[in-house]
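A.B. asks: Numbering (my numbering), first residue to last: 206 to 449.
Have a look at this one.
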């Protein structure tokens, strides 16, 4: 009888041991599973938070990129507009501002108007002007002394066309090494040439040598070229052309 009770106790003890073992391992597994699920949830939340942060940054960058593209497009359009305006003003400048040759003609016309020549007369003369004219030389080259603040008088003029046109000139005296004026003009400085007509009318031309000037008298235009000659002298050549 006692042997049967002992066996029952042993079986009960082993059963308790088995249950205890299973319970402990079940508890360990449950805790491990819980910790794993908790860690997974935490990791997922952290990952989701990072994704949200990155999405926010991406949204900001996308907005900034769109703004920059819009600004660049605006600046590009403004640049094209400014280039168009520059081209327009360049074309207007080239069309409205005379080149050096045109400016010289305009200056001569203004001078003649200031001297009393009517604009109608000038317009008519310009309309009749042509290049296909036969000009005749006014003899050989002549020379004369240029007047200045030191020297004037003798040999200070030349005449052409049987005295119809007389030319004189004045200039600035050259300087010696000490800076004092001498008796001849400085050919590197502007000169003033006076073209006098036998009838009393005078014409003036001013500038650096060589200097070119034309004088119209009746049906003839006298064209002269003045260049620097020997010291103190100007050399003059001329030709007579039909006018207008």
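Every residue, glycine too, gets a C-beta built ideally from N, C-alpha and C.
What you are looking at is a predicted structure, and each value in this text was computed from that prediction instead of being measured.
Alpha helix (DSSP H) containing residue 318: first to last residue?
C.D. replies: Counting along the chain, the alpha helix (DSSP H) containing residue 318 begins and ends at 305-319.
A.B. asks: Using 8 Å as the Cβ pair cut-off and three pairs as the minimum, do the stretch 410-424 and the stretch 345-360 touch?
C.D. replies: Because the criterion of three Cβ pairs below 8 Å is not met, the stretch 410-424 and the stretch 345-360 do not touch.
A.B. asks: Please return the same chain residues whose Cβ sits closer than 8 Å to the Cβ of residue 381, not counting the five positions on each side in sequence.
C.D. replies: Answer for residue 381: 387, listed in chain order.
A.B. asks: Using the DSSP secondary-structure output, state which residues sit across from residue 217 in a beta bridge.
C.D. replies: According to DSSP, residue 217 bridges with nothing at all.
A.B. asks: With H, G and I counted as helix, E and B as strand and the rest as coil, what does DSSP make of residue 349?
C.D. replies: Residue 349: strand per DSSP, three-state reduction.
A.B. asks: Whole-angstrom Cβ separation of residue 400 and residue 439, contact assumed at under 8 Å?
C.D. replies: Not quite, the Cβ-Cβ distance comes to about 13 Å (not below 8 Å), so this is no contact.
A.B. asks: Tell me, to the nearest whole angstrom, how far the beta carbon of residue 449 is from that of residue 432; I am working on the premise that it is less than 8 Å.
C.D. replies: About 27 Å; that fails the 8 Å criterion.
A.B. asks: Can the beta-carbon of residue 435 be found closer than 7 Å to that of residue 389?
C.D. replies: Result no, Cβ atoms of residue 435 and residue 389 do not sit closer than 7 Å.
A.B. asks: Secondary structure at residue 448, three-state DSSP: helix, strand or coil?
C.D. replies: Residue state, collapsed to three classes: coil.
A.B. asks: Could you tell me the boundaries of the beta strand (DSSP E) in which residue 399 lies?
C.D. replies: Where residue 399 is concerned, the enclosing beta strand (DSSP E) stretches over 396-402.
A.B. asks: Going straight from the alpha carbon of residue 425 to that of residue 369, what length do you get?
C.D. replies: Using only the alpha carbons, I get a separation of about 11 Å.
A.B. asks: Taking only the alpha-carbon atoms, compute the straight-line gap between residue 312 and residue 305 and give it to the nearest angstrom.
C.D. replies: If I take the Cα positions, the gap works out to 10 Å.
A.B. asks: Measure the beta-carbon distance from residue 340 to residue 444 and round it to whole angstroms, keeping in mind my assumption that it falls under 8 Å.
C.D. replies: Contact holds; Cβ gap of about 4 Å.
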